[in-house]
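Residues in the sequence shown are numbered from 25 upward in steps of one, following our numbering. Don't be surprised by glycine CBs; every beta carbon is placed ideally from N, CA and C. Take a look at the structure below.
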Amino acid sequence: MANSPPALLAGLLLVAACFLIVVLLLTTLQDTTIDHPSRSLSKSSKHDAAAADRPAPLIIASAHSDLYSRMRMLKSLKQAPPEPLKFLLVTADQPTSCKTRQGSHLLMMSLKNKVDYCNLHQCKVWYSLESWQPGFTGTWARYPLLQRLMLVNSHVEWFMWMDSDALFTDMSFVIPLETYESWNKDMIIPGYWEKVYGDDPDWLGLNAGIFLIRNTEWSRNFLDKWMSFRPDSPQRSHHLTEILNREFRTRPRNWPADDQSALAYLLRRNKTEHERRTYLEAGYALHGFWEVIVDGFEEMAARGNVGDRQKWPFVTHFCGCKLCTGEYATSQSARCVESFRRAYNFGDNQVLALAGMAHPDLSSLEVVESSALL
């Protein structure tokens, strides 16, 4: 039987309503997603003006559109004017879990210490867990990382590399970057002139675990030369080891070519140029060896941070402790862990003091009001 006119009209209205809903859904989907990354992310200025007036959608249509929206947001952040930085602090850890029982927690404390310092001194932390160039692992992984960061952050004048087993223990110290610039220096390394450039050089005459490097073409070329000492084959490793052992009689004979010995060797190869472009800093503790520092923290706190000869150590470096890998674990491992906590708390107390808080003693993770300790 033929449909009656009212029934036919109702059916047509239902079809029209469904069609309208589909059109609206398609329009919303188009407005709340962006082009696929393989296509251009830019749109016409007319479309951008219309989009600016339109309220942001509350619901993203799909997981893919959510991903693309996040990509657009990240791109806009990258294109935003960079914030002025005094320097970028770069540090890294291994990409896998620590082998030692407390290693991961100690590294978390190390990262917080660096973030705290940068919060006070107009710098930012770049924290890496990856190797950015095949074949560059361990201590060698830092150099391709630094090179790439220097290239993509051309607005940053200085970079500071700092090992994860090093802590800031004078949170008020201001690195004299302007002084280094006035001296036309491109690289600042903790070390001693006589032990690097003297007649009887020592591979421990400097430390490659903490250094400052200026974002210049010279610095990037120097990193290239430094990276060329990476032992990338057994034959080359043997050759480089022989070269470094001949140069430094104190160096362990069975060690493969390491970055610290390579740095000292490079500085000696072209002494005139390298003395002009680099500076061995011994005027303050850019690298303070932990064993000669940690037992004196209470005395330091009692006398205060005054006088050039009694200044607190800027950095306390736990080189040799292997807090995460346990590679060279010794009977001193317990002392390493306890001393690391003491150094962390010594620095942390300086930050907590801004809020009227403190650790009751340097071995405690507890925090109390400073007035309770008086």
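Residue state for proline 258 is assigned as helix, using DSSP reduced to three classes. Shown here for glutamine 157: same chain residues with a beta carbon closer than 6 Å to its own, the five before and five after excluded, namely Pro168 in chain order.
Here leucine 236 is buried, its C-beta having at least 16 other C-beta atoms within 10 Å.
About 6 Å separates the CB atoms of isoleucine 234 and alanine 190; that is less than 8 Å, so the two are in contact. Taking the Cα of asparagine 245 as reference, the smallest distance to any Cα among His179, Ile317, Arg172 and Phe370 is reached at Arg172. Annotated three-state conformation of valine 375 is helix, per DSSP.
With a beta-carbon spacing of about 24 Å, arginine 365 and serine 395 fall beyond the 8 Å limit used to define contacts. A direct Cα-to-Cα measurement between serine 178 and asparagine 239 gives close to 7 Å. Between the C-alpha atoms of glycine 380 and glycine 222 there is a straight-line separation of about 49 Å. Residues Leu290 of the same chain have their beta carbon placed closer than 7 Å to that of lysine 249, with the five preceding and five following residues left out of the count. Bounds of the alpha helix (DSSP H) holding arginine 292 are 283-293.
Along the segment 311-372, the alpha helix (DSSP H) occurs as fully enclosed runs of 4 or more residues at 321-327, listed in sequence order. Taking each of Ser363, Leu170, Asn278 and Gly162 in turn and checking the Cα distance to phenylalanine 313, the smallest one comes out for Ser363.
Under the 10 Å beta carbon count, histidine 311 is surrounded by 16 or more other beta carbons and is classified as buried. The C-beta distance from alanine 306 to glycine 215 rounds to 7 Å, short enough to meet the 8 Å contact threshold.
Secondary structure at isoleucine 213: strand, using DSSP grouped into helix, strand and coil. Judged by pairs of C-beta atoms under 8 Å, the segment 188-205 touches the segment 338-346, as three or more such pairs exist. In the displayed model, lysine 110 falls within coil according to three-state DSSP, outside both helix and strand.
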